[in-house]
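Written out below as structure tokens is the structure these notes cover.
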Amino acid sequence: MAGPGKRNLITDVAGVKIGQAEDAAVRTGVTVILPDDRAVCAVDVRGGGPGTRETDALAPHTLVDAVDAVVLSGGSSWGLAAGDAVAAALGAKRRGYVVFDDPSIPVSPVVPAAILYDLNNGGSKAWGEDPPYRTLARSALDQVGEDFVLGRAGAGYGARAGAVTGGLGSASYVTADGITVGAIVAVNSFGSVLVPGTEAYWASPFELNGEFGGQAIPAGAAPGEDWGAAKINPGAGQNTTIACIATDAALTPAQAQRIAVMAQGGLARAIRPSHTPFDGDTVFVMSTGRVLLPEPAALSVSRLGSLAADTLARAIARGVYEARKAG
Numbered sequence: 013m014a015g016p017g018k019r020n021l022i023t024d025v026a027g028v029k030i031g032q033a034e035d036a037a038v039r040t041g042v043t044v045i046l047p048d049d050r051a052v053c054a055v056d057v058r059g060g061g062p063g064t065r066e067t068d069a070l071a072p073h074t075l076v077d078a079v080d081a082v083v084l085s086g087g088s089s090w091g092l093a094a095g096d097a098v099a100a101a102l103g104a105k106r107r108g109y110v111v112f113d114d115p116s117i118p119v120s121p122v123v124p125a126a127i128l129y130d131l132n133n134g135g136s137k138a139w140g141e142d143p144p145y146r147t148l149a150r151s152a153l154d155q156v157g158e159d160f161v162l163g164r165a166g167a168g169y170g171a172r173a174g175a176v177t178g179g180l181g182s183a184s185y186v187t188a189d190g191i192t193v194g195a196i197v198a199v200n201s202f203g204s205v206l207v208p209g210t211e212a213y214w215a216s217p218f219e220l221n222g223e224f225g226g227q228a229i230p231a232g233a234a235p236g237e238d239w240g241a242a243k244i245n246p247g248a249g250q251n252t253t254i255a256c257i258a259t260d261a262a263l264t265p266a267q268a269q270r271i272a273v274m275a276q277g278g279l280a281r282a283i284r285p286s287h288t289p290f291d292g293d294t295v296f297v298m299s300t301g302r303v304l305l306p307e308p309a310a311l312s313v314s315r316l317g318s319l320a321a322d323t324l325a326r327a328i329a330r331g332v333y334e335a336r337k338a339g
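Reading the sequence shown from the start, the letters are residues 13 to 339 in the working numbering.
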């Protein structure tokens, strides 16, 4: 039967592992999405204040057709160093894009990354010339596996979702014909994930098996311009929801790009408002290519794009729910 995978995590997609590390004193963290083999990847950047690494290389017309890892990090621009650390570690193992197959010439690991702003969350940021993100990334890479913590964890450790605690969320869905879609997301949004005046999540119409509390949106809820528990005084660059979708369906870079565009709809389903000038909303899509894409391909891409949006909406609510439950 169709529904969530065994773990209800992105790692239900065969060939994908997750590593995470946090610094409680700094109140920040890093999440690494590591495919077993190089994977087709695309990205869609929809927010007005993004911070990214190597996203231009993922355009369908470029030379790069696969990535070695994707990194999500706290730390604003400081967090981009996490991608450098992962690339260095993978390159040392000769995992990366090979121009010349010569042992004396380094390979070039392709490690796109996106960051969120958690610099004003009360943690100790007096790191001088030694910010923690390279160390956190190496630690996360050393801990990759199929099970991982949700809520206050990884890149979502120091996040805020509107006026409430943000966090790291994940969810999955397996179709009746055997294709798996998974999402992982660090929620640090300007907008609110909660319906004003309630404990119901905007994503509740997409909830499966009570995964984030089972609170239905009250009948007649039509708040107009009431954003509920959004950030009252946002600052440019201080809010972002960054995510990665994974699927075992074999995709071309162009097909992955279309699914990334469609997956951004998950943010609009789960966060109100989303894609604002204050957010850096970024969604990656990774394909491990283990299942043939059913024909007609365009219809299958449409199916997977819709499922990716639904799964991402669930992951957003689940991440905040788990963070708030932990206190």
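The beta carbon of each residue, even a glycine, is placed where N, CA and C say it ideally should be.
Predicted, not measured: the structure shown is a model, and the values here were computed from it.
DSSP, reduced to helix, strand and coil, places Gln276 outside both helices and strands of the structure shown, so it counts as coil.
Assignment of beta strand (DSSP E) within the stretch 81-160, counting only whole runs of 3 or more residues, yields 82-85 and 125-127 in chain order.
Going by C-alpha positions, Val55 is about 8 Å away from Ala71. Under the DSSP assignment, Leu46 falls in the beta strand (DSSP E) whose first and last residues are Thr40 to Pro47.
Ranking Ala228, Val122 and Arg19 by CA distance to the CA of Val82 puts Val122 first.
Between Ser85 and Pro118, the alpha-carbon positions lie close to 26 Å from each other.
Remark: C-beta atoms of Val207 and Ile283 do not approach each other more closely than 9 Å. Secondary structure of Glu334 (DSSP, three-state): helix.
With contacts defined by Cβ atoms closer than 9 Å, Thr264 and Thr294 do not form a contacting pair.
Closest in C-alpha terms to Val176, from the list Ala280, Lys18, Tyr333 and Pro16, comes Tyr333. Per DSSP, Leu21 lies in no beta strand (DSSP E) segment and is marked neither H nor E. Residue nearest to Gly301 within the set Asp49, Lys29 and Ala36 is Asp49 (criterion: CA-CA distance).
In this structure the stretch 58-77 does not lie against the stretch 18-27, because fewer than three pairs of beta carbons, one per stretch, are closer than 8 Å. 9 Å or more divides the Cβ of Ala320 from the Cβ of Ser216.
Buried is the label assigned to Glu219, since at least 16 other Cβ atoms lie within 10 Å of its Cβ. Here Glu223 is buried, its C-beta having at least 16 other C-beta atoms within 10 Å. Distances from the alpha-carbon of Ser182 to those of Gly157, Gly331, Lys29 and Tyr169 put Gly331 closest.
Put simply, the backbone Cα of Val76 is about 11 Å away from that of Pro124.
Here the alpha carbons of Gly209 and Tyr109 stand approximately 51 Å from one another. Each residue's CA atom was taken as its position, placing Pro306 and Val297 some 18 Å apart.
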